[in-house]
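Residues -23 to -1, 1 to 935 (mature numbering (1 follows the signal peptide of the UniProt record, and there is no 0)) make up the sequence shown, in order.
See structure below.
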Amino acid sequence: MGFPPISSLSFILFLFHFHSTISSSHFCAPHQSLSLFQFKESFSINSSASERCQHPKTESWKEGTDCCSWDGVTCDLKTGHVTGLDLACSMLYGTLHSNSTLFSLHHLQKLDLSDNHFKSSHISSRFGQFSNLTLLNLNYSVFAGQVPSEITHLSKLVSLDLSDNDDLSLEPISFDKIVRNLTNLRELDLSQVNISLLVPSSLMNLSSSFSSLSLSNCGLQGKFPGNIFLLPNLESLDLSDNKGLIGSFPSSNLSNVLSHLGLSNTRISVYLENDLISNLKSLEYMSLRNSNIIKLDLSLLDNLTQLIFLDLSSNNFSGQIPSLFGNLTQLTSLDLSSNNFNGQIPSSLGNLTQLTSLDLSSNNFNGQIPSSLGNLTQLTSLDLSSNNFSGQIPSSLGNLTQLTSLDLSSNNFSGQIPSSLGNLVQLRSLFLSSNKLMGQVPDSLGSLVNLSYLSLSNNQLVGHIHSQLNTLSNLQFLFLYGNLFNGTIPSFLFALPSLQYLDLHNNNFIGNISELQHDSLRFLDLSNNHLRGPIPSSIFKQENLTTLILASNSNLTGEISSSICKLRFLLILDLSTNSLSGSVPQCLGNFSSMLLVLHLGMNNLQGTIPSTFSKDNSLEYLNLNGNELEGKIPPSIINCTMLQVIDLGNNKIEDTFPYFLETLPKLQILVLKSNKLQGFVKGSTAYNSFSKLRIFDISHNNFSGSLPIGYFNSLEAMMTSDHNMVYMMEKNYTGYVYSIEMTWKGVEIEFTKIRSTIRVLDLSNNNFTGEIPKVIGKLKALQQLNLSHNYLTGHIQSSLGNLTNLESLDLSSNLLTGRIPAQLWGLTFLAILNLSHNQLEGPIPSGQQFNTFDASSFEGNLGLCGSQVLKKCYGDEAPSLPPSSFDEGDDSTLFGEGFGWKAVTTGYGCGFVFGVATGYVVLRTKKPSWFFRMVEDKWNLQSKKTKKNGGRYGARRN
């Protein structure tokens, strides 16, 4: 059957047209196809290189196919030249070399390589060869180094985006060339590029045609030129996070097309008054977080009816939120967090039905959450944390079924967790911690199968953890600490395949710890429960574990396996206050350079301290207190140059004083109490010995000889008070709070937190002899001084009156003579004083704190008189006692080298002549060492004695 004649003609004309179209439309040139394919092959595909994407565009790039049909490739329809390359978010991973085949694509007009990972490649100068480029986007692609000046050759550029490359910098001369040469530039984004050397006045020459300028977080300092705010075509301006940027935002003559304004975290003055608001009618995005807002009438903001995004967080706004905020019905994001707003949330916020994010956290809101918030069904994020909300959590929140994050933590919510929260099946994060919630966890939470973060900590929740929660297979973070949960820890928790953080401390869990079924765990804290049995071996297979805290369970038994040293990423290891036995694994001293905290105290461990601590380790806290460790203190501890705390007390260590520890530059606490240490403590052998030591406790040992004057001279941290009331902790990574067991005001207690202000010197229950040195009066920050139960002689130095922060002074059970210095009367903080069982005489000072001490503070001193001991003093009949040698007005007497002329009169009776001769020799020779060695050796020879009673106060507890 043939075609009619007209139809045949039409068909011929169609074929001719089709042929003409084909002949005028070229396929991708082979050399361009090859260049693109080689460019692709120079990188690997890595999903972590592009966080926001799922499929790389280069997947469609196949050899032998037309490259103009490839994803991300645009060609000129007439010539077939590649003119556009959009590989944004394509998971490219690798180095972009200057000889890359990319630079052979000379006809490129648009190039977008954003959101890839180029491994800190430098931006090649060959980018300057793309003379036809109108758009260049290298955002968030891990470029580094200097931006090449050749970029300024791209004279046709309309849009340049180098932002979010943290290690990229731009020199002022290159910036000046960009402004001068790129006359077509309308959009410039250098956010997070270092331009700190740039003088802001360099921006004054920007073209009046500029429409978008983003310079956030790029180190700009100085006064920002006001004319930039007045550019007539400016649509978007972001100067956020330049803390040193000053200036003033004008209130008139602004661009009437300005839609995006970001001045967060700058010192640019903003006067949000009626004149300014009337000039911002086109504004859609306004971020003034932590800004220099001089004046703002919040009620005026309801005129900005086009606003989509509003951030006024971290300012000093107070009062109530104006109900007129309910008129901003276009808002999708509202952040008023970290201000001083109070009162109740206005119900009118329920009108903002387009909101996807609402953050009112860290204010002083009170009352109940208005039920109208249940109208905000588009919300994906709701944060009301850190306020004073009370009452029950409204069940209407269960209507917000699009929520992925809900934070109601740190309020005063009470009652039970509403079961309606089980409707929020999109939730990935749920924070209900630090409230007053009671009852059991509702089974409905088992419906939240997308949940990755669940925090119910610090409430009053009770009961068992129900098996319905075993459906939370995506759970990565589970925090249930600080509640009243009981029963055994269900085994399904240890079988959750994605679990990384599990914190159940401070509950009432019992039973054994189940074996872990997966190796995903990074953090495990089961401390302060009632768990028993051995530590599961599967814990030592968690190769990514950084924190392991099983402290204070009392009934954890068995030995610490040496397999623990396979945990090479471990930062915190705390197995203290249990019933663990066996020896300390020797590998713990050198298995990892990352370990910060090693706390094995209060167990039944035997053997020796690990003998080898490796160099360049990070250990800050070492606590082996309260075990049965023997042997010596290993000198390799000096390799732990970051150590702040060493507590080896209450063991059976037999050694001499470890002088090598004085070289540790950061050491603040040293506790060696209740061991079998012996010999002299001669004092400083190195410069700045123990200069940062706050607590020095070597009590209950067998040390002998005179008190370590050399150390007293170098304990600089005990000479000045620290008024910052902070607690000692590991600050860089974990926030682990240090603890220590110590005798405080006569009572053995555990400090679960150690104030940075505390200063303690305890040398009690040893065999020290000789006098209390005057130099101890330099330690003016001391709060507790204990020299009791030694064999100290001579007078109580009046220089102790300098210790004005002293709260506890114990000099009991020595051989001290003379009067109680009147200077002690001025120690107004002194709460504990024990001078008992010495040979003191004369009147007890009265007034101030001395009127608060009873007879027990002075018993065993038959020569004392005063109201405290019910013995009357008789003025002239009082014994004639030698005066104290301290002279408050003579610092050289307190701290100097010689004794001064008072040495002449130290003798009395038949020793007067010897005293005069002694004073003369000392005065002329400035305390010669040969003389003191002679006297000290003679004294020590006469004073040798057996160890004191075995039942001395403070013996190690069982």
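Glycine included, C-beta positions come from ideal geometry on N, C-alpha and C.
Under DSSP, Met263 takes part in a beta bridge, and its partners are Leu238, Leu287.
Per DSSP, the unbroken beta strand (DSSP E) holding Gly221 starts and ends at 221 to 225.
A check of alpha carbon separations from Val135 across Asn93, Ser118, Leu190 identifies Leu190 as the nearest. Bridge pairing for Lys669: absent [DSSP].
Under the DSSP assignment, Ser334 falls in the beta strand (DSSP E) whose first and last residues are 334 to 336. Under the Cβ criterion (8 Å, minimum of three pairs), the stretch 674 to 688 does not count as touching the stretch 701 to 709.
By the neighbour-count definition (other C-beta atoms within 10 Å, threshold 16), Arg29 is an exposed residue. With respect to Asp43, Leu62 sits apart: the two C-beta atoms are not nearer than 9 Å. The Cβ-Cβ distance between Leu147 and Leu131 does not fall below 9 Å.
When the Cα atoms are used, Arg157 and Leu573 turn out to be separated by approximately 53 Å. A Cβ-Cβ separation of about 4 Å places Leu273 in contact with Leu249 under the 8 Å criterion. Between the alpha carbons of Gln800 and Gly824 lies a distance of about 12 Å. For Tyr664, no pairing in a beta bridge is given by DSSP. Taking C-beta atoms as the reference points, Ser21 and Leu82 fail to come closer than 9 Å. Taking the CA atoms as reference points, Ser338 sits about 50 Å from Gly559.
Between Ile346 and Phe366, the alpha-carbon positions lie close to 7 Å from each other. In terms of CA proximity to Ser429, Gln477 leads the group Leu414, Asn463, Asn436, Gln477. Rounded to the nearest angstrom, the gap between the Cα atoms of Thr640 and Ile623 is 13 Å. With fewer than 16 other CB atoms across the displayed protein chains lying within 10 angstroms of its CB, Pro149 is exposed.
Here the alpha carbon of Leu501 sits roughly 16 Å from the alpha carbon of Arg509. The beta carbons of Ser232 and Leu192 sit no closer together than 9 Å.
In the pairwise beta carbon analysis, the stretch 706 to 722 is classified as not touching the stretch 765 to 780: fewer than three pairs are separated by under 8 Å. In the three-state scheme derived from DSSP, where H, G and I count as helix and E and B as strand, Arg509 is classed as strand.
By alpha-carbon distance to Gly423, the top candidate from Lys413, Leu398, Asn412 is Leu398. With a beta-carbon spacing of about 6 Å, Ser151 and Val124 fall inside the 8 Å limit used to define contacts. Its chain contains Thr618 as the residues whose beta carbon lies nearer than 7 Å to that of Pro642, once the 5 sequence neighbours on both sides are disregarded; these appear in chain order. Per the coordinates, the alpha-carbon of Asn76 lies some 15 Å from the alpha-carbon of Phe95.
The Cβ atoms of Asn463 and His441 lie closer than 9 Å to each other.
Sequence-distant Cβ neighbours of Glu607 in its own chain, meaning closer than 8 Å and more than five residues away, are Gln583, Gly584, Thr585, Asn628, Lys629, Ile630, Glu631. In the DSSP assignment, Val426 falls outside any alpha helix (DSSP H), carrying neither H nor E. Residue pairing for Thr524: DSSP places it in a beta bridge opposite Phe500, Ile549.
In the structure shown, His94 adopts extended strand secondary structure according to DSSP, grouped into three states. About 6 Å separates the Cβ atoms of Asn665 and Ser691, confirming a contact at the 8 Å cut-off. Inter-residue distance for Met68 and Gln403 is about 27 Å (C-alpha atoms, whole angstroms). A Cβ-Cβ separation of about 5 Å places Leu479 in contact with Leu455 under the 8 Å criterion. A straight-line Cα-Cα distance of about 8 Å links Leu174 and Leu197.
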